[in-house]
Amino acid sequence: MSQYIDPLLIVALSLNFVALGVSRIRAVINAVAIQGMLLGFLPVLVHGQIRLRGMLLVAVTVLLKGIIIPRFLIHAMREANVQHEVKPVVNFMSSLLLGAVGTGLAMVFASTLPLAEEHAGTLFVPASLSTVWAGFLMLTTRKKAIMQVLGYLLLENGIFLFGLLLLEAMPFLVEIGVLLDLFTCVFVMGIIIHHINREFTSIGTEQLTSLRE
Amino acid sequence: MTAITNQIIHVLLAITVPPLLLGVVAKTKALFAGRVGPPLLQPYYDLIRLMQKGSVFSTTTTWVFRAGPVVALVTAALAALLVPLTADSAPLSFTGDLILLAYLFGLGRFFTALAALDTGSSFEGMGAAREVTFSCLAEPAFFMGLLVLVKLSGSLQLSVMLGSTLAAHWPTAGASLALVLISWFIVLLAENSRIPFDDPNTHLELTMIHEVMVLDHSGPAYGMILYGAALKLFVFGTLIVRLALPWETGTLAADWLIFGGGILGVAVLIGIVESSMARLRLTHVPILLVAACLLSAFGIVLLVR
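Here the protein sequences line up with chains A and B, keeping their order.
As numbered in my numbering, residues 1 to 213 make up the first sequence, in order.
As numbered in my numbering, residues 214 to 518 make up the second sequence, in order.
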């Protein structure tokens, strides 16, 4: 089973670059959703036979990250009537290159970490670090609130990937708690997007600086 | 004996097949659009018709304008001799020929651009500028893909890099090879000015890239350009086929059948991409090419990690 892990992680990594390099919000939502689903299936591959709690975790993750949150975001996108991230703070080309540099550094850094025997050769840690980096880039450089939410989701995907290394040791409740947190955050941000949109007739966050009491 | 037979088949195929690829692409696109489309052999008829015509040369042009199509055709033909079609069929092969391959394309492009500039038309200059800009982004992607193959095979010779040892690397370094495959397909689309980079059918001046450079050529010169373009597509298609299907059966006929199926498959794939995608906005083209570079670079990183 474990020979499928690295190809899967490479697909997930490539999706980071799709998310960083594309301006259509719909495409970014799809990329993040597919990445979330792929990563959601990973526990099955990592641990061979998994018990009921593992199965439940897979089901909840895939359902939440692959279906519910993307649906919700697409709805928010329609509501706010935006299709494109027009002019990010750092342009698409530079964010692609920054993402690539981050991925390279993640590879170098991961090779210096003292990892457990079974994780040493895999792409787990570099994939996780570079996904976090890509999410962080999106979170900080995009102006549309909905893109920032997507950056946050990407960041969470990276953290989830890191958490997979500890799947055996981590209590089920913690994992589900994290997912619940994520869902609530996206939910709240959806409401915020709605309000920003109603207040300013656009969801560019740079408008927020003009807020007064 | 088989080596010589292989080389003879290689040369024959390299001469005859390229226009067929254009026909297959056109037919695939027609099928997708629900039309009957031009016959498969239409590019051959076009070539024959063009060769029988006379040429008109503007009085402002010099010998550079006439050299353009010839150089483009010759460089593409030489490139077709360097790339192995099956494991050891390349008639020309020596250490370091990968550099020659890349710069044969460079030379052809240089002369096409010069010929375009030689007409003195600002419109053609614009097309030349676009072509050169995009190709300087496509070249690193191509080279980094070659680097992956060099690293895997430990050789600087195309017929070894794309030869019989490649099949053994797929199980171990499949991820890198797959990344190079995707990257090279993007390079193929860019270098041969297909959708999403350029629409070979359009004559809308604001969006043309390659087509605009050859507007002033006519008759046999234009025929040479068309044939050279078909050869270039054939060479890039061959690289993709060798990379994707390096397996050998041991029998001559089966190997050539695999190659034939592969190259037609690539043509069909191009047709599918062209039917299902729209042209990219000109400002977005560099992003896709940079992404192709990153894919190749990522392939290298995975290998040396």
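Note that beta-carbon positions come from the ideal geometry of N, C-alpha and C, so glycine has one too.
Note that the coordinates shown come from a computational prediction; the quantities given were computed from them, not determined experimentally.
Sort the options by Cα distance to residue i and report the nearest one.
{"i": "A/I68", "options": "A/L182, A/N16, A/L52 and A/T205", "result": "A/L182"}
{"i": "B/E487", "options": "B/L465, B/S431, B/I399 and B/R343", "result": "B/I399"}
{"i": "B/W397", "options": "B/H416, B/L379 and B/A504", "result": "B/A504"}
{"i": "B/G236", "options": "B/R248, B/T229, B/R492 and B/P256", "result": "B/P256"}
{"i": "B/L253", "options": "B/R262, B/K242, B/A246 and B/G247", "result": "B/K242"}
{"i": "B/L458", "options": "B/T332, B/P297, B/S334 and B/A292", "result": "B/P297"}
{"i": "A/A116", "options": "A/Q148, A/P70, A/F136 and A/L166", "result": "A/L166"}
{"i": "B/T274", "options": "B/L330, B/T325, B/Y258 and B/L502", "result": "B/L330"}
{"i": "A/G102", "options": "A/T205, A/A134, A/I74 and A/L57", "result": "A/A134"}
{"i": "B/T272", "options": "B/G247, B/D429, B/H416 and B/L294", "result": "B/D429"}
{"i": "A/I34", "options": "A/G121, A/V11 and A/M77", "result": "A/V11"}
Just to make sure I have the definition right: I need the residues of chain A whose C-beta is within less than 9 Å of the C-beta of residue i. Which are they?
{"i": "B/A292", "result": "By Cβ distance, chain A contributes nothing, its closest Cβ being about 29 Å from B/A292, past 9 Å."}
{"i": "B/A510", "result": "A100 and G104"}
Indicate the three-state DSSP secondary structure (helix, strand or coil) for residue i in the structure shown.
{"i": "A/K143", "result": "coil"}
{"i": "A/G204", "result": "strand"}
{"i": "B/R455", "result": "helix"}
{"i": "B/R494", "result": "coil"}
{"i": "B/R407", "result": "coil"}
{"i": "B/H423", "result": "coil"}
{"i": "A/R51", "result": "coil"}
{"i": "B/R262", "result": "helix"}
{"i": "A/R24", "result": "strand"}
{"i": "A/H84", "result": "strand"}
{"i": "A/T209", "result": "helix"}
{"i": "B/L470", "result": "helix"}
{"i": "A/D181", "result": "helix"}
To which residues of the same chain is residue i closer than 6 Å at the C-beta, ignoring the five residues directly before and after it?
{"i": "B/M264", "result": "P433 and G436"}
{"i": "A/L123", "result": "D6 and L9"}
{"i": "A/E156", "result": "L182"}
{"i": "B/L456", "result": "L394"}
{"i": "B/A300", "result": "G376, S377 and E461"}
{"i": "B/A443", "result": "P231, P232 and L235"}
Using beta-carbon positions only, say whether residue i and residue j come within less than 8 Å of one another.
{"i": "A/A127", "j": "A/L97", "result": "no"}
{"i": "B/P304", "j": "B/Q220", "result": "yes"}
{"i": "A/V125", "j": "A/A110", "result": "yes"}
{"i": "A/G158", "j": "A/T131", "result": "yes"}
{"i": "B/L200", "j": "B/I513", "result": "What is shown of chain B runs 214 to 518, which leaves residue 200 of chain B out entirely."}
{"i": "B/G387", "j": "B/L234", "result": "no"}
{"i": "B/P251", "j": "A/M93", "result": "no"}
{"i": "B/G367", "j": "B/M426", "result": "no"}
{"i": "B/M357", "j": "B/S509", "result": "yes"}
{"i": "B/G281", "j": "B/T325", "result": "yes"}
{"i": "A/I29", "j": "A/P70", "result": "yes"}
{"i": "A/A80", "j": "B/L507", "result": "no"}
Note down, in chain order, each residue of its chain lying with its Cβ closer than 7 Å to the Cβ of residue i, except the 5 sequence neighbours on either side.
{"i": "A/Y4", "result": "L45"}
{"i": "B/L260", "result": "P232, G436, L439 and Y440"}
{"i": "A/M37", "result": "V62, K65 and G66"}
{"i": "A/M107", "result": "P126"}
So which residues of chain A does residue i contact, with C-beta pairs closer than 8 Å?
{"i": "B/P499", "result": "M93"}
{"i": "B/A504", "result": "F17, G21 and L96"}
{"i": "B/L253", "result": "The contacting residues do not exist; B/L253 stays about 35 Å from chain A at best."}
Since residue i meets chain A, which of its residues come closer than 7 Å, beta carbon to beta carbon?
{"i": "B/A175", "result": "Lying before the first or after the last residue shown, residue 175 of chain B is absent from chain B, which here runs from 214 to 518."}
{"i": "B/L507", "result": "F17, L96 and A100"}
Along chain B, in chain order, which residues have C-beta atoms closer than 7 Å to that of residue i?
{"i": "A/M107", "result": "V514 and R518"}
{"i": "A/G104", "result": "V514"}
Taking C-beta pairs closer than 9 Å, name the residues in chain B that residue i reaches, listed in chain order.
{"i": "A/S111", "result": "R518"}
Might you give, ordered along the chain, the residues of its own chain that have their beta carbon closer than 8 Å to the beta carbon of residue i, omitting 5 neighbours on each side?
{"i": "B/I408", "result": "L402, V486, E487, M490, A491 and R492"}
{"i": "A/V90", "result": "L98, L137 and T141"}
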